[in-house]
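Colleague:
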Amino acid sequence: MNVLVINCGSSSLKYQLINSDSEEVLAKGLCERIGIDGRLVYQKAGCDKETTEAPMPTHKEAIQMVLDALVNEKTGAIASLAEVNAVGHRIVHGGEKFASSAVITDEMMAAVAECNDLAPLHNPANLIGINACKELMPDVPMVGVFDTAFHQTMPAKAYLYGLPYEYYEKYKVRRYGFHGTSHSFVSKHAAEFLGLDINHSKIIVCHLGNGASISAVKDGKCVDTSMGLTPLEGLVMGTRSGDIDPAIMEFLAKKENLDIAGVMNVLNKKSGVYGLSKELSSDFRDLEEGMNSGNEYAANALEVFCYRVAKYVGSYVAALNGVDAIAFTAGIGENAGIVREKVCEHFGYLGIKLDAEANSKRGEDMVISTPDSNVKVAVIPTNEELAICRETVALV
Ligand code: ADP
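Set out below in structure tokens:
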């Protein structure tokens, strides 16, 4: 069957049409600047990208344009919309209500809306996308796949913060974690690829992209993860600070005369390796280039990033009481050998040995530890769209 995978942001929408039998991507692209002016990028498999500027006042027009492009006589990937058999929607926050993907119904959507408080920028956009698809394809079954669901197996000792318990009871303030679709996909695939029995395995997944998070996965279930109530916690990221002393917020607010929104803006958009590199870039390609040409701020940013990853890996070795495999994924994890090297340097005591030549390659699934390494280290490219497609097929 063909599954349309939709990932709606507040002013953008990414999509892929996937044949679930062959797992081939038939077409993919994105809509940008929804509600501003509107631009559709469409790419049929094996063809060049096409870009069309057209007004998209809401997500409904954007999705209509995607559907029109998919069935376009000349460049379409399918002959008619009857060939879209299901839609899989990425939903950011499922709170404690969703520990797995769910078929989209009115009750399910009401439960998602109850989680809006927890992700005020993302969940409403996800719901708008679902509503638009329901209007345009009323008879097609749809499934919601949550970023938070995989992490719902964490025990209370991992998800509770050291705050008054009433905030958990009243507002559900706790660790949720994100990138769950990727952590689930990569941990399963790593076990398979490395010949481990997932039901008896200890795997640490480092999802290092612009947003970055780590998870500890025991016997196929998440037991801890670095992002928290929101994606701001944990690693130093592209532009997000990750963990800081919470008292810095008041200190900076006073010094810089900022309100809460102003401080949050700094922590989300001006920090991370971008802020550390004095705004050189949030992109690791630029930072590596900067470091190689002697930019000390870029070099520091890289060091801080890698050191934080290593500290989290170390703490998850403790959480798991051991580790069988470490898997690196996402833009940085898949491509930046230097990051993998700097992280693994901290684990000589565990008997981790990297194969420098394997680590210098990029692309496919690959083992980058030596045969005599006590812990297997691998690069496993993530594929969140394929994971959403598989979840959707399983439920419809
Ligand atoms: P997201 O989905 O969070 O936007 P990605 O997983 O696509 O992030 O990762 C994007 C990041 O990956 C870029 O910002 C860049 O830092 C890094 N990246 C991509 N390609 C390379 C590369 N060839 N070498 C080093 N870093 C890379």
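To convert, take the position in the sequence shown, counting from 1, and add 11; that gives this note's numbering. Think of the CB as a built atom: it goes at the ideal place given N, C-alpha and C, for glycine as much as any other residue.
Name the residue from Ala338, Lys353, Phe339 whose alpha carbon lies nearest to the alpha carbon of Tyr318.
Modeller: Lys353
Colleague: In whole angstroms, what is the alpha-carbon distance linking Phe339 and Met165?
Modeller: 21 Å
Colleague: Tell me where the alpha helix (DSSP H) around Gly140 begins and ends.
Modeller: 134 to 147
Colleague: Helix, strand or coil for Arg351? Go by DSSP, reduced to three states.
Modeller: helix
Colleague: Measure from the alpha carbon of Ala408 to the alpha carbon of each residue in Cys58, Ile225, Cys42, then state which is nearest.
Modeller: Look at the range of the chain in this structure, 12 to 407, and you will see that residue 408 is not part of it.
Colleague: How many whole angstroms separate the CB atoms of Val216 and Ser237, which I take to be in contact at a CB cut-off of 8 Å?
Modeller: In this structure Val216 is not in contact with Ser237, their Cβ atoms being roughly 10 Å apart against a cut-off of 8 Å.
Colleague: Taking the alpha carbon of Asn142 as the point to measure from, which residue in Phe157, Leu291, Ala124 has its own alpha carbon closest?
Modeller: Ala124
Colleague: Just to confirm, does Ser22 get its C-beta within under 7 Å of one of the non-hydrogen atoms of the ligand ADP?
Modeller: no
Colleague: Taking 8 Å as the threshold (C-beta atoms), are Ser282 and Gly250 in contact?
Modeller: In the sequence as presented, Gly is not what sits at residue 250; that position holds Thr. With respect to Ser282, Thr250 sits close: the two C-beta atoms are nearer than 8 Å.
Colleague: Put Ile363 into one of helix, strand or coil per three-state DSSP.
Modeller: coil
Colleague: Do Met153 and His100 have their C-beta atoms within less than 8 Å of each other?
Modeller: yes
Colleague: Contact check, Thr192 vs Ile17 under 8 Å by CB: the rounded distance?
Modeller: Contact flag wrong, Cβ pair sits at about 13 Å.
Colleague: Out of curiosity, what's the CA-to-CA distance linking Asp376 and Ala336?
Modeller: 14 Å
Colleague: Compute the Euclidean distance between the alpha carbons of Leu263 and Val284, then round it to the nearest angstrom.
Modeller: Approximately 19 Å between the Cα atoms of the pair.
Colleague: I need the boundaries of the alpha helix (DSSP H) containing Ala169, first residue and last residue.
Modeller: 167 to 170
Colleague: Is Gly188 a contact residue of the ligand ADP, with contact defined as CB to any heavy atom under 7 Å?
Modeller: no
Colleague: Name the residue from Val324, Ser288, Asp297, Lys265 whose alpha carbon lies nearest to the alpha carbon of Asn311.
Modeller: Ser288
Colleague: For Cys126, count neighbouring Cβ atoms within 10 angstroms of its own Cβ and tell me buried if that reaches 16, exposed if not.
Modeller: buried
Colleague: Ser112 and Gly155 look like a contact to me (Cβ under 8 Å); what is the Cβ gap, rounded to whole Å?
Modeller: 6 Å
Colleague: Since His104 and Asn134 are thought to touch, with beta carbons under 8 Å apart, how far apart are those beta carbons, to the nearest angstrom?
Modeller: Sure, about 5 Å apart at Cβ, within 8 Å.
Colleague: What distance in whole Å lies between the Cβ atoms of Ala88 and Leu24, which are believed to be in contact at a cut-off of 8 Å?
Modeller: Contact flag wrong, Cβ pair sits at about 17 Å.
Colleague: Using a 10 Å radius around the Cβ and a threshold of 16 neighbouring Cβ atoms, would you call Val114 buried or exposed?
Modeller: So Val114 ends up on the exposed side.
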